[in-house]
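Visitor: Numbering (the numbering used here) for the sequence shown: 50 to 224.
Just so it is clear, CB atoms sit at the ideal spot from N, CA and C, and this is done for glycine as well.
One structure coming up, written as C-alpha cells, with questions to follow.
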Amino acid sequence: MSADLSATRLPEVLDAWRMVAARRGFEAVLPLASMTRLRDSLMDTEGDVRVAIEFDRDALQVSYVELRIEAELPLECQRSLQRFLYPVRLVQRLGLIRDEADEAGLPEDYESLLLPEDGVLRPAELVEDELILAIPVVPAAPGTEAMERDWPATADEEAASNPFAALAALKPSKD
Numbered sequence: 050m051s052a053d054l055s056a057t058r059l060p061e062v063l064d065a066w067r068m069v070a071a072r073r074g075f076e077a078v079l080p081l082a083s084m085t086r087l088r089d090s091l092m093d094t095e096g097d098v099r100v101a102i103e104f105d106r107d108a109l110q111v112s113y114v115e116l117r118i119e120a121e122l123p124l125e126c127q128r129s130l131q132r133f134l135y136p137v138r139l140v141q142r143l144g145l146i147r148d149e150a151d152e153a154g155l156p157e158d159y160e161s162l163l164l165p166e167d168g169v170l171r172p173a174e175l176v177e178d179e180l181i182l183a184i185p186v187v188p189a190a191p192g193t194e195a196m197e198r199d200w201p202a203t204a205d206e207e208a209a210s211n212p213f214a215a216l217a218a219l220k221p222s223k224d
C-alpha cells in the first residue's frame, strides 16, 4: 500500500465529487467482523482487511476511485471441509458516473460506479462489495487437488452419477 495517502482512517460517508476535486486518499484497516454482508460467506470473521482508496482524474479527465485491497479471507474448503485463508490482493479502478449512459464513455479497464445525485459514497461498503466478488464460487484450499487422485470414483459410482444409466438398461442388446 502506498504511504503517500493523506488519512489514516476510512470515513463512514464521503462526497465522492469533492474527494476527486481534492485528489484525496485514505488508508485504513477494517475488521472482517464489521462486514455484515460478507460474514455469511466466511468460515469465521477473524482477521482484517487493509485498504487504500484514492480519488483522482486520469489524463482524459475521467473521475475515478482506485481501490487497493489486501486480505486473507477465512473460507471453508469444499474438498476437505477445513478452514483455509484465501489471499485477496486486488487493485480496482472504478469510473465515477452520474448516469448509466455515461458508462459507455469510460476507458476499457474501468468498472463503472453509478453514484446517487448527492454523490454520497460509503467506502466500507464499496470494499465489502469487492471482497464478495473476489470469493470463488467453490472455495478449494491449495493442495487439495490430490484428494481426487487418491480416491478415484468406482465404476458403480460413475454409473450411478450418470443420469442416462437407466436408459442403457432399456436398450435392446445386439445378440
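On the three-pair Cβ rule with 8 Å, is the region 176 to 189 touching the region 121 to 137?
Guide: Enough Cβ pairs lie closer than 8 Å, so yes.
Visitor: Buried or exposed, going by whether 16 or more other CB atoms sit within 10 Å of the CB of V98?
Guide: Buried, since its Cβ has 16 or more Cβ neighbours within 10 Å.
Visitor: Quick check on the DSSP output: the beta strand (DSSP E) that includes R128 runs from which residue to which?
Guide: Counting along the chain, R128 falls outside any beta strand (DSSP E), and DSSP gives it neither H nor E.
Visitor: Within 10 angstroms of its Cβ, does G144 collect 16 or more other Cβ (buried), or is it exposed?
Guide: Result: buried.
Visitor: At the level of alpha carbons, what is the spacing between A148 and V69?
Guide: The sequence shown places Asp at residue 148, rather than the Ala named in the question. One C-alpha to the other measures close to 17 Å.
Visitor: Could you tell me the alpha carbon to alpha carbon distance between P172 and L79, rounded to whole angstroms?
Guide: Approximately 11 Å, taken between the alpha carbons.
Visitor: Write down the C-beta distance between L124 and L91 rounded to the nearest angstrom, noting that I regard them as a contact closer than 8 Å.
Guide: Correct: roughly 7 Å between the Cβ atoms.
Visitor: What span of residues does the beta strand (DSSP E) with L79 cover, start to end?
Guide: Taken as a continuous stretch (DSSP letters only), the beta strand (DSSP E) holding L79 covers 74 to 80.
Visitor: Does DSSP put L54 in a helix, in a strand, or in coil?
Guide: Bear in mind that the predicted position of L54 carries a pLDDT of just 42, short of 50, making it unreliable; the figure below should be weighed with that in mind. DSSP places L54 in coil when its eight states are reduced to three.
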